[in-house]
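These notes are about the structure you will find just below.
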Amino acid sequence: MGKYYQPEIETMPREQLKALQSERLVQQIHHVYENVPYYRAKMEQAGVTPEDIHGIEDLHKLPFLSKNDLRDAYPYGLLAKPLKDCVRIQSTSGTTGRRVVAFYTQHDIDLWEDCCARAIVAAGGSNEDVVQVCYGYGLFTGGPGLNGGSHKVGSLTLPMSSGNTERQLQFMEDLEATILCCTPSYALYLAESAIESGVRDRLKLRAGIFGAEAWTEEMRHDIEDKLGIKAYDIYGLTELSGPGVSFECEEQKGMHVNEDHFIVEIIDPETGEVLPEGSKGELVFTSITKEAFPMIRYRTRDICVLNPTPCSCGRTHIRMSKPMGRSDDMLIIRGVNVFPSQIETVLLNQGMPANYQIIIDRVNNTDTFDIEVEMTDALFADSVAAIANKEKEIIAALRAMLGISAKVHLVAPKSITRSEGKAVRVVDKRKLY
Ligand code: DLL
90 MGKYYQPEIE TMPREQLKAL QSERLVQQIH HVYENVPYYR AKMEQAGVTP EDIHGIEDLH
150 KLPFLSKNDL RDAYPYGLLA KPLKDCVRIQ STSGTTGRRV VAFYTQHDID LWEDCCARAI
210 VAAGGSNEDV VQVCYGYGLF TGGPGLNGGS HKVGSLTLPM SSGNTERQLQ FMEDLEATIL
270 CCTPSYALYL AESAIESGVR DRLKLRAGIF GAEAWTEEMR HDIEDKLGIK AYDIYGLTEL
330 SGPGVSFECE EQKGMHVNED HFIVEIIDPE TGEVLPEGSK GELVFTSITK EAFPMIRYRT
390 RDICVLNPTP CSCGRTHIRM SKPMGRSDDM LIIRGVNVFP SQIETVLLNQ GMPANYQIII
450 DRVNNTDTFD IEVEMTDALF ADSVAAIANK EKEIIAALRA MLGISAKVHL VAPKSITRSE
510 GKAVRVVDKR KLY
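Counted from 1, the sequence shown has number 196 at position 107 by our numbering; the numbering is strictly sequential.
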């Protein structure tokens, strides 16, 4: 296999690429206007009709779509194809009220897998490779996306899913895995476990494709040194299909956006104004090929910079920087999307006062997630057993809401430092951006 998975598209001259985007955008707007009452209503409200959209130069006339819209329209309100044409859903981690359910036709899955295949080939992958996928399988898009991409490339695919590190290392060694796909924090954990157990030098890994959470250049070097591989970044979100919205090439200087499928814009998160290429702002994507669940000007809340300069790898598609933060308060803890408001809801439902602090850190490459919660005076005066019981109840309720475990520490009333301005609800010590 060559250097590119789909050379004619990945190296398409930009003028031609823009013409292709324009043509697909016009079709997509007709598609959503005709098939999705929610989009039609939004467009009517904004005073735009499909006839106003002649190409990418008219994109800015269209209204934005946000996570709130997805919540309002949950579950079927943004579906643009009859259910009989849909073959799959995937969903974001996290939950009540915030859950995003994305629908796919077979064609949507096919294109999504192409995007992941491009990422694998850009990381040097071919049908000679053994690709170990340890992103979660199931509703999360990481496992299914890279799994499909690996099949397309023709690599031998190990559908490991996440967890069970001992078994991961055993398969990695016995089946001579060459490409590892997982979150960067799990990659580091695997690396250290491999070193500790002595298998590190018997591994055949050469590359890794890591994403789904923020990671720094320092972390990249650490993973590369410890595993003796080249570590590539991959970005994506459930709303837009999953991993493979953009991916790194051998230059490792930004991720090429798959612009034949996604038009990317950078906006000022406060005003919504479109910013010139090269400015720092919020990433907005329009999916121009998705059939079942098209996203028009979807606000990702990820803060980024676009780099339009040509890349020496030969790909013509624009590059985006690593996300540099978020314009909302979403946290990603052990790969799971968590909103502080979800935690607050659980605490209030449990009869706790809203004085709490969420403390996140990274110890041995794994996120730690602690919540200190002040007790009511009544609970504080109760028995130790009653307090321990309450703690357990809160842990279970949080787990049910978030899908991951937090350590809960019930503390004395008024013991959490009060801030003079806004309450400091989240202390994130990971320094990921
Ligand atoms: O995390 C899809 C994915 C799976 C991407 C596997 C890469 C690899 P969601 O669970 O919907 O989808 O979370 C999407 O995760 O808006 C970013 O904030 C963050 N994110 C994803 N990739 C990266 C990355 C998947 N490479 C949200 N660097 C996005 C930093 C990332 N943040």
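Even for Gly, the Cβ is constructed at its ideal location relative to N, Cα and C.
Source: prediction; values computed, not measured.
Between the alpha carbons of P442 and T434 lies a distance of about 11 Å.
Only residues of its own chain outside the window of five on either side were considered, and among them K379, E380 and A381 have a CB closer than 6 Å to the CB of D197, listed in chain order. Distances from the alpha-carbon of I323 to those of L235, S244 and G317 put L235 closest. Here the C-alpha atom of I484 lies approximately 25 Å from the C-alpha atom of Y226. For D471, the Cβ stays outside the 7 Å cut-off from all heavy atoms of the ligand DLL.
Counting along the chain, P429 sits inside the alpha helix (DSSP H) bounded by residues P429 to N438.
Distance from the CA of D466 to the CA of G287, rounded to the nearest whole angstrom, comes to 52 Å. Going by beta carbons, C271 and C223 fall inside the 8 Å limit. Restricting attention to V346, N347, M249 and T375, the CA atom closest to the CA of S155 is found in T375. Taking all protein chains in view, the Cβ of E285 is surrounded by fewer than 16 other Cβ atoms within 10 Å, so the residue is classified as exposed.
Annotation: V189 to S180 spans about 5 Å, alpha carbon to alpha carbon.
The residues I432, E433, L436, I460, E461, V462, E463, I505 and R514, in chain order, have a CB closer than 8 Å to that of Y445 in the same chain once the five nearest residues on each side in sequence are set aside. Separation of D203 and I98 (C-alpha to C-alpha, rounded to the nearest whole angstrom) is 11 Å.
Only exposed fits H143, as fewer than 16 other CB atoms lie within 10 angstroms of its CB. Counting along the chain, the unbroken alpha helix (DSSP H) around P96 starts and ends at P96 to E99.
Taking the Cβ of D418 as the reference point, every heavy atom of the ligand DLL lies at 7 Å or farther away. Closer than 7 Å to some heavy atom of the ligand DLL: that does not describe the Cβ of N438.
Taken through DSSP and simplified to helix, strand or coil, R423 comes out as coil. Short note on Y278: C-beta not closer than 7 Å to any heavy atom of the ligand DLL. Annotated three-state conformation of H143 is coil, per DSSP. Remark: the shortest separation between the CB of T230 and any heavy atom of the ligand DLL falls under 7 Å. Within its own chain, the residues whose Cβ lies closer than 8 Å to the Cβ of G361, once the five positions on either side in sequence are excluded, are F153, listed in chain order. If you draw a 10 Å sphere on the C-beta of G424, you find 16 or more other C-beta atoms in it, and that means buried. Between I318 and L279, the C-beta spacing is not below 8 Å. Put simply, the region 413 to 427 touches the region 492 to 502. At least three CB pairs are less than 8 Å apart.
Linking K518 to K411 through their CA atoms gives a straight-line distance of about 19 Å.
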